[in-house]
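Asker: Once you know that position 165 of the sequence shown is 209 in our numbering, the rest is easy, because the numbers rise by one and skip nothing. Glycine included, each C-beta is placed from N, C-alpha and C at the ideal position.
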Amino acid sequence: MSTKIVKITYEPLDIPLLEPFTIAIGRLEHVRNVLITIELENGAIGYGEAAALEPINGENQATILATLKTYTPLLVGRDALEWRTISAEIHKVFSMQNAARAGIEMALLDAATKSMRVPLYKFLGGASSRVETDISIPIVTPERARELAAEIQARGVHFIKIKVGGDIAADVARVLGVVEGGSKLGIQLDANQGYNAPGAVQLLNELARLNIPVRLFEQPVPKHDWNGMKYVTQHSSVPVAADETIFNAYDAIRVIETGAATVVNIKLMKSGLVEALDIAAVCRAGNIQLMIGGMIESKLAMCCSAHFAAGLGGFDYIDLDTPMLLAEDPFEGGWKQSGGIYELSEIKAGIGCYPSGRPSGYI
45 MSTKIVKITY EPLDIPLLEP FTIAIGRLEH VRNVLITIEL ENGAIGYGEA
95 AALEPINGEN QATILATLKT YTPLLVGRDA LEWRTISAEI HKVFSMQNAA
145 RAGIEMALLD AATKSMRVPL YKFLGGASSR VETDISIPIV TPERARELAA
195 EIQARGVHFI KIKVGGDIAA DVARVLGVVE GGSKLGIQLD ANQGYNAPGA
245 VQLLNELARL NIPVRLFEQP VPKHDWNGMK YVTQHSSVPV AADETIFNAY
295 DAIRVIETGA ATVVNIKLMK SGLVEALDIA AVCRAGNIQL MIGGMIESKL
345 AMCCSAHFAA GLGGFDYIDL DTPMLLAEDP FEGGWKQSGG IYELSEIKAG
395 IGCYPSGRPS GYI
């Protein structure tokens, strides 16, 4: 039977967090995403997730549901193997709804690769079958940071990402708490646009004075402050990652042209999967290091991102920890986890992750 799309459904995906997650641009207590299901004529079922984080991608659960209501009826009868063409058509109509498009692309590729009986990471190149993620600590007290760091280190995780927010004294105290609790952890910082350029450099200088090594500083300044990004990059030996600044391949080209960063953080919910492939290609050509991250996503979307990074290879920084921050796991299958390592080699086709109690979608 054919790979023609016969049915598309979508529904809210609401999951509570273990504890509130505070970053420089807001505070979250629940995941409020959207689950997309695509069924093919041959019996394959693809699952996708659209994750909104309004301060970053300008979308929320309601706008995603409205976008899908408008567009998904037009997909019925199309061939899922034409996923690039379908993505381009969606982009022409909904150029700003990246998370909604990412969810559709994810479900399409899941169904298509299940039809091919190949895991997504192999379809994307099969460079590796595993990735190793960090775990993030939100903006909390130094005492809580110490406790979380000790717990993370005890789990066998090697890298930790500390959220910082523009208050140098408080941020340094939080980093010191992490060092006390997890002395073996490699430290990354993520400001989520919370600093200005001089303040970001001052923070890095203070940590250097305290002999605290930092392996990465992510989005230190507001996303439109290209000169500020360049200033931090030029005045520090710490690699600087552009995150909220990057939504498409044109943004990545600008990073290369301006020297605004040395690392680009690809997030499928900012760009969609097809555009993410172009971003990765541009960065490789321009000698920019690759990072992959996400919004607050469930195991489904994070597993897709793990396939993406493992399949393409060459990602120096992996930040796919949000399933570990959720109070519930509504999905089965997916990776096998050991510490911070996600192993994909046992997945037989597609993303390999599906809603509990529903068909896996294999044929």
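I'd like to check one pair, Ala171 with Thr81: are the Cβ atoms closer than 8 Å?
Answerer: Position 37 of the sequence shown holds residue 81. Position 127 of the sequence shown holds residue 171. No. Outside cutoff.
Asker: Starting from Leu302, trace the alpha helix (DSSP H) in both directions and tell me its first and last residue.
Answerer: Within the sequence shown, numbered from 1, the residue matching residue 302 stands at position 258. Checking the sequence shown, residue 302 turns out to be Thr, not Leu. Element bounds for Thr302: Ala293 to Thr302.
Asker: Out of Ala393, Lys113 and Leu229, state which residue places its alpha-carbon closest to the alpha-carbon of Thr53.
Answerer: Position 9 of the sequence shown holds residue 53. Considering only alpha carbons, the answer is Lys113.
Asker: Return the chain-ordered list of same chain residues with a C-beta closer than 6 Å to the C-beta of Met339, the five sequence neighbours on each side being excluded.
Answerer: Taking the sequence shown and counting its residues from 1, one reaches residue 339 at position 295. Closer than 6 Å at the Cβ level, and outside the excluded window around Met339, lie Ala95, Leu97 and Met313.
Asker: Around the Cβ of Asp373, are there at least 16 other Cβ atoms within 10 angstroms (buried) or fewer (exposed)?
Answerer: For the purposes of this step, residue 373 is taken as residue 329 along the sequence shown, with counting starting at 1. That one is exposed.
Asker: Short check: CB of Gly238 to CB of Lys274, under 8 Å?
Answerer: Within the sequence shown, numbered from 1, the residue matching residue 238 stands at position 194. Within the sequence shown, numbered from 1, the residue matching residue 274 stands at position 230. Against a cut-off of 8 Å, the Cβ pair of Lys274 and Gly238 comes out as no contact.
Asker: I need the DSSP call for Asn309, collapsed to helix, strand or coil.
Answerer: Taking the sequence shown and counting its residues from 1, one reaches residue 309 at position 265. DSSP places Asn309 in strand when its eight states are reduced to three.
Asker: Grab me the residues of Pro367's own chain with a C-beta within less than 8 Å of its C-beta, minus the 5 sequence neighbours each way, in chain order.
Answerer: Residue 367 sits at position 323 when you count from the first residue of the sequence shown. Glu341, Ser342, Lys343, Met346 and Asp373, listed in sequence order.
Asker: From which residue to which residue does the beta strand (DSSP E) around Ile391 run?
Answerer: Indexing the sequence shown from 1 puts residue 391 at position 347. Note, Ile391: premise wrong, no beta strand (DSSP E); not H, not E.
Asker: Thinking C-alpha only, which one of Cys397, Leu192 and Gly358 is nearest Leu310?
Answerer: The residue labelled residue 310 in the question sits at position 266 within the sequence shown. Looking at the sequence shown, residue 310 is not Leu but Ile. The residue with the shortest Cα to Cα distance from Ile310 is Gly358.
Asker: Find out if the Cβ-Cβ distance for the pair Tyr165, Ala320 is shorter than 8 Å.
Answerer: Locating residue 165 in the sequence shown gives position 121, counting from the first residue. Locating residue 320 in the sequence shown gives position 276, counting from the first residue. Contact flag unset, no.
Asker: Measure the CB-CB distance between Phe375 and Ser404 and report whether it falls below 8 Å.
Answerer: Position 331 of the sequence shown, counted from the start, is the residue given in the question as residue 375. Position 360 of the sequence shown, counted from the start, is the residue given in the question as residue 404. Result no, Cβ atoms of Phe375 and Ser404 do not sit closer than 8 Å.
Asker: Taking only the alpha-carbon atoms, compute the straight-line gap between Ile297 and Leu247 and give it to the nearest angstrom.
Answerer: The residue given as residue 297 occupies position 253 in the sequence shown. The residue given as residue 247 occupies position 203 in the sequence shown. Between Ile297 and Leu247, the C-alpha separation is close to 28 Å.
Asker: How close, in whole Å, do the beta carbons of Arg190 and Gly221 come, if the pair is a contact with beta carbons under 8 Å?
Answerer: Against the sequence shown, residue 190 aligns to sequence position 146. Against the sequence shown, residue 221 aligns to sequence position 177. Correct: roughly 4 Å between the Cβ atoms.
Asker: Give the list of continuous beta strand (DSSP E) stretches no shorter than 3 residues that lie fully inside the region 192 to 280.
Answerer: Counting whole runs of 3 or more residues, the region 192 to 280 contains the beta strand (DSSP E) stretches 203 to 207, 230 to 234 and 260 to 262.
Asker: Roughly how many whole angstroms lie between the Cα atoms of Glu126 and Leu57?
Answerer: What you label residue 126 is simply residue 82 of the sequence shown in a count that begins at 1. What you label residue 57 is simply residue 13 of the sequence shown in a count that begins at 1. Looking at the two C-alpha atoms, the distance is approximately 27 Å.
Asker: Taking only the alpha-carbon atoms, compute the straight-line gap between Ile300 and Arg328 and give it to the nearest angstrom.
Answerer: For this step, residue 300 is matched to residue 256 along the sequence shown. For this step, residue 328 is matched to residue 284 along the sequence shown. For Ile300 and Arg328, the distance between alpha carbons rounds to 10 Å.
Asker: Taking its Cβ as the centre, do 16 or more other Cβ atoms sit within 10 Å of Ala146, making it buried, or is it exposed?
Answerer: Locating residue 146 in the sequence shown gives position 102, where the first residue counts as 1. Per the 10 Å Cβ criterion, buried.
Asker: Here's the rule: buried if 16 or more other CB atoms are within 10 angstroms of the residue's CB, otherwise exposed. What is Lys158?
Answerer: Looking up residue 158 in the sequence shown gives position 114. Classification of Lys158: buried, given that the 10 Å Cβ count is 16 or more.
Asker: From this set, Gln105, Ala110, Gly87 and Gln141, which residue's C-alpha is nearest Ala124's C-alpha?
Answerer: Here residue 124 corresponds to residue number 80 of the sequence shown, with the count starting at 1. Measuring from the Cα of Ala124, the nearest candidate turns out to be Gly87.
Asker: So that I know if they touch, is there some Cβ in chain C lying closer than 8 Å to that of Gly225?
Answerer: Here chain C cannot be found, since the structure has a single protein chain.
Asker: I'd like to know whether the C-beta atoms of Asp178 and Gly384 end up nearer to each other than 8 Å.
Answerer: Along the sequence shown, read from residue 1 onward, the residue named residue 178 stands at position 134. Along the sequence shown, read from residue 1 onward, the residue named residue 384 stands at position 340. Yes, Cβ-Cβ distance for Asp178 and Gly384 is below 8 Å.
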